[in-house]
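Colleague: Dumping the structure here so I can ask a few things about it.
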Amino acid sequence: MTVALTTLRTTVATALANAGVWSTFSYVPPVVIANSVMVAPSDPYLEPSNNTQNALGPKANLKIIMAVPYLDNQGNLANMESTIVAVFTKLTNSALVFDITSASGPSVLDTPGGQFMTSDFTISLLTTWS
1089 MTVALTTLRT TVATALANAG VWSTFSYVPP VVIANSVMVA PSDPYLEPSN NTQNALGPKA
1149 NLKIIMAVPY LDNQGNLANM ESTIVAVFTK LTNSALVFDI TSASGPSVLD TPGGQFMTSD
1209 FTISLLTTWS
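Position 4, counted from 1, in the sequence shown is what my numbering calls 1092; the numbers after and before it change by one each time, with no gaps.
Here's what the structure looks like:
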């Protein structure tokens, strides 16, 4: 399923929604909250076909960022691993066609709202310019 660039992040966030388990955002909110999954542009964000394959739209690269509370390292690692598996499962069960990178090693994110353990991976999808 090819999705227009203007709605791509929202479409991916909708596919990742898991009410009661985590909050899902199609952007990185000003205040990160525990048990959240965020969809943000990756780098590079868009890769145009450069007229070599006019029938193909650009490739969009999106970072899927997962944040869980940072309270107990062992417990949080298990929580992060469960979140990574659940997010991947949500993506594979969606109608989206994508390539995915490896999940990053968990790291600690310090914010004014507290400390979080985070991990991320990048997905690449073909999109359209509209």
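Don't be surprised by glycine CBs; every beta carbon is placed ideally from N, CA and C.
Give the range of the alpha helix (DSSP H) segment to which residue 1090 is assigned.
Modeller: Premise fails: residue 1090 is in no alpha helix (DSSP H) and is neither H nor E.
Colleague: Determine the burial state of residue 1120: buried for a count of at least 16 other Cβ atoms within 10 Å of its Cβ, exposed for fewer.
Modeller: Its Cβ being crowded by 16 or more others within 10 Å, residue 1120 is buried.
Colleague: If you run the structure through DSSP and keep just helix, strand and coil, what is residue 1134?
Modeller: Here residue 1134 sits in strand by DSSP.
Colleague: Do you know how far the Cα of residue 1117 is from the Cα of residue 1145?
Modeller: The straight-line gap from Cα to Cα measures roughly 29 Å.
Colleague: With C-beta atoms as the reference, is residue 1097 less than 8 Å away from residue 1114?
Modeller: Yes; because the gap between Cβ atoms is below 8 Å, this pair is in contact.
Colleague: Per DSSP, which residues does residue 1151 bridge with? Please list them.
Modeller: Residue 1151 pairs with 1128, 1210.
Colleague: Verify whether the separation of the beta carbon atoms of residue 1179 and residue 1122 is less than 8 Å.
Modeller: Result no, Cβ atoms of residue 1179 and residue 1122 do not sit closer than 8 Å.
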